[in-house]
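Novice: Those letters in the sequence shown? Residues -25 to -1, 1 to 181, per mature numbering (1 follows the signal peptide of the UniProt record, and there is no 0), in order. Backbone N, C-alpha and C define an ideal beta-carbon position, used for all residues, glycine too. Structure incoming, see below.
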Amino acid sequence: MKHFFGIFTTAMVLLLAGCASVPMAPLDQDIQAKEFLPAPSKASLYIYRNESFGAAIPMTVSVNGKVLGQTAAKTYFRLNVVPGKYSVESHSENVSSLPLSVEAGKNYFVWQEVKMGMWTPRSLLQQVNESTGRAGVTESKLIAFSVSDKDLTPLDTPINAPLSASPAPPGDSVNQKLRELQNLQKDGVITEEEFQKKKQQLLEKL
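Next comes the structure, spelled out in structure tokens:
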């Protein structure tokens, strides 16, 4: 019992004390992000964690399966994404997933709420309204990450079918077949009569 209590106490200290370290973006980028102006033809997606609870534990965030990095207390990610469907995930003791459909010219805010876990914090992703999201982002700092906005393709983007070769113009196709027939006739594979018959059939297609 004492052993269990000691483990529990240690876990609580980790949850309530200290602060995880994550790479931060330059101040000018943080200031620009807090203007809340989406890029042309895109939507701005903010994923923020504005609680001090569990500050010692970094939490991994991914969008459409691509890992952005980790959050710490009072930090946020900001992405400019093309319209479409996305899946945001928070990885901690559990995995919390949130589907989103975004439209161009709008801001979207996802709150990474920290929850009590068995040994480490859990998390819950929630989409919040504009005023709540702006307040949470304003009191947080922008995280630096290496995933480019271009790397994030909406889940509902159709897969481009391989381009088929353009059909040859009818005249070119007939000429090619005529040459093939001439070679066949020259090599004795077909007779002169067969050659003339097939030649006439090809010419009728022009």
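Shortest alpha-carbon distance to I22 belongs to which of T46, K90, E167?
Specialist: Checked all of T46, K90, E167; the closest Cα to I22 is T46.
Novice: Can you tell me the Cβ-Cβ gap for N55 and G111, rounded? I've got them flagged as a contact below 8 Å.
Specialist: Rounded, the Cβ-Cβ distance is 19 Å, inconsistent with contact.
Novice: Thinking C-beta only, is S71 closer than 8 Å to L99?
Specialist: Yes, these two residues count as a Cβ contact at 8 Å.
Novice: Assuming E68 and G44 make a contact with CB atoms under 8 Å, what is their CB distance in whole Å?
Specialist: About 18 Å; that fails the 8 Å criterion.
Novice: Between the Cα of E105 and the Cα atoms of E114, E155, Y83, P58, which residue gives the shortest distance?
Specialist: Of the candidates E114, E155, Y83, P58, the one whose C-alpha sits nearest the C-alpha of E105 is Y83.
Novice: Quick check on the DSSP output: the alpha helix (DSSP H) that includes E105 runs from which residue to which?
Specialist: Per DSSP, E105 belongs to the alpha helix (DSSP H) from 105 to 113.
Novice: Does E64 come out as helix, strand or coil in the three-state DSSP assignment?
Specialist: Looking at E64 - three-state DSSP - the assignment turns out to be strand.
Novice: Around the C-beta of R53, are 16 or more other C-beta atoms found within 10 angstroms, so that it is buried, or is it exposed?
Specialist: So R53 counts as buried.
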